[in-house]
Amino acid sequence: MFAIAIAVTTTCAAPSQAFSQTAQVKTSHAQAELMVHAPAGLKPGQPVWLGLSIRHLPGWHTYWKNPGDSGLATSLAWKLPSGVSVNPILWPTPQQFPVGPLMNYGYAGEVLLPVRLNLPSDYTGAPLAIHLRANWLVCRELCIPESGDFEVQVAANRPLTEHARYFDAAFLSAPVAYAAKASAHVEPGVLVVTVAGLRGGASGVPPKFFLENEGVIQYAAVPTSVWNGRGLTLRVPLDAQRSASPSAMQAVLTFPRQPAGLRIEFDVIGGWSNAAAAPAVTAQNRQSPVASPMPFWIGRLCPAAWCMKLAPSSALMLEQ
Numbered sequence: 085m086f087a088i089a090i091a092v093t094t095t096c097a098a099p100s101q102a103f104s105q106t107a108q109v110k111t112s113h114a115q116a117e118l119m120v121h122a123p124a125g126l127k128p129g130q131p132v133w134l135g136l137s138i139r140h141l142p143g144w145h146t147y148w149k150n151p152g153d154s155g156l157a158t159s160l161a162w163k164l165p166s167g168v169s170v171n172p173i174l175w176p177t178p179q180q181f182p183v184g185p186l187m188n189y190g191y192a193g194e195v196l197l198p199v200r201l202n203l204p205s206d207y208t209g210a211p212l213a214i215h216l217r218a219n220w221l222v223c224r225e226l227c228i229p230e231s232g233d234f235e236v237q238v239a240a241n242r243p244l245t246e247h248a249r250y251f252d253a254a255f256l257s258a259p260v261a262y263a264a265k266a267s268a269h270v271e272p273g274v275l276v277v278t279v280a281g282l283r284g285g286a287s288g289v290p291p292k293f294f295l296e297n298e299g300v301i302q303y304a305a306v307p308t309s310v311w312n313g314r315g316l317t318l319r320v321p322l323d324a325q326r327s328a329s330p331s332a333m334q335a336v337l338t339f340p341r342q343p344a345g346l347r348i349e350f351d352v353i354g355g356w357s358n359a360a361a362a363p364a365v366t367a368q369n370r371q372s373p374v375a376s377p378m379p380f381w382i383g384r385l386c387p388a389a390w391c392m393k394l395a396p397s398s399a400l401m402l403e404q
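In terms of my numbering, the sequence shown opens at residue 85 and continues consecutively.
As structure tokens, this is what we get:
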């Protein structure tokens, strides 16, 4: 018997929070910092980047945009001057975190989540007041929701490069958009993904497959891969409790000794009608947790955004 507990009772009752009027926040399990990178200074049309850096204590991790079997993606809520905007997070290539029969996607060690800042064309060079509210779920055997409030004043009259190495590392680890032709179709219990035109050292090596779309596949099941020259076919087991049937999908393929994955986009040809005959999940792939009703006290003690993800697994006992 393998037991995994997500500490909803204690950690959601008293989630770790910190408030700072500066760029740094330290919690019990991570140190977070709001970083700025503007090599040419604050000028319209020039690259200006913001980023949340998270340094995890050993053994702890936070989550990718699709967290996998459990967890919650880090979220960034910005308060910016009028006319200023940000792009979505440029997510670095994730790692896999197996926990018993489950598989999660995320980051350990140190990670920077960069976002592009867009200045209006009539920007006059005034200092920028940047406010960020960040929420992240940090996990080991237990999962603890943490948050931080960050505020920085960004001067406009000089280049800002003190965090250049962190942004350079984040850019190098961002999945590369790959122009290869990719498509998918559904067979009973399996998503079959075909990628053509792969080059370099990737050929012949089984990749790891990170699907960006949630609620579709068995995250812990290892896809089978077949190479045909530069073409790759992956057979990815579908989740018996699949909750989504997207017509367009995105995924990241990672290969050994490569700092960044390859990002592919593909349509599902022929729809999802063939998925209805999905086989029952077995111990050879993954046992999915059975969702249980949310106890009333979780709703009172835990923020709804966290509990919606955590409550079904708040007391999870799985056969190994």
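Just so it is clear, CB atoms sit at the ideal spot from N, CA and C, and this is done for glycine as well.
Quantities reported herein were computed from a predicted structural model and do not represent experimental measurements.
- In this structure, DSSP gives Tyr189 an extended state, which the three-state scheme calls strand.
- By the criterion of a C-beta distance shorter than 8 Å, Tyr191 is surrounded in its chain by Ile138, His140, His145, Thr146, Tyr147, Trp148, Pro176, Pro178, Gln179, once the five residues flanking it on both sides are discounted.
- When secondary structure is reduced to three states using DSSP, Phe294 falls in the strand class.
- Following the DSSP letters along the chain, one finds Leu136 in no alpha helix (DSSP H) but inside the beta strand (DSSP E) bounded by residues 133–140.
- Residue pairing of Lys110 in beta bridges, as defined by DSSP: Gln115.
- In this structure, Ala335 sits away from Ile353, with a CB-CB distance that is not shorter than 7 Å.
- For the 7 Å CB-CB criterion, Asn358 and Met333 do not form a contact.
- Distance from the CA atom of Pro123 to the CA atom of Gln325, rounded to whole angstroms, is 48 Å.
- In this structure, the alpha-carbon of Phe350 lies about 5 Å from that of Ala266.
- Straight across, the Cα-Cα distance linking Glu271 with Val320 is about 10 Å.
- Per DSSP, the beta bridge partners of Glu271 are Val274.
- By the Cβ-count criterion, Asp252 is exposed, with fewer than 16 other Cβ atoms from all chains shown falling within 10 Å of its own Cβ.
- Boundaries of the alpha helix (DSSP H) harbouring Tyr250: 248–257, taken from the DSSP string.
- The beta-carbon distance between Leu316 and Gln302, rounded to whole angstroms, is 19 Å. This is too long to meet the 8 Å contact definition.
- With a cut-off of 8 Å on Cβ pairs, the segment 197–207 is in contact with the segment 126–136, counting three or more such pairs.
- Using a Cβ-Cβ distance cut-off of 8 Å, the segment 148–166 and the segment 271–280 are not in contact, since fewer than three pairs of beta carbons, one from each stretch, lie closer than that value.
- Taking Pro307 as reference, the option from Leu136, Thr208, Thr278 with the minimal CA-CA separation is Thr278.
- Beta-bridge annotation (DSSP): Thr208 is not paired with any residue.
- Short of 7 Å from the beta carbon of Ala210, and not among the five residues preceding or following it, lie these beta carbons of its own chain, in chain order: Ala240.
- Across the structure, Leu282 and Val183 are spaced so that their CA atoms are roughly 31 Å apart.
- In summary, Val132 is buried, with 16 or more beta-carbon neighbours lying within 10 Å of its beta-carbon over all protein chains present.
- C-alpha of Val109 to C-alpha of Ala248: approximately 20 Å in a straight line.
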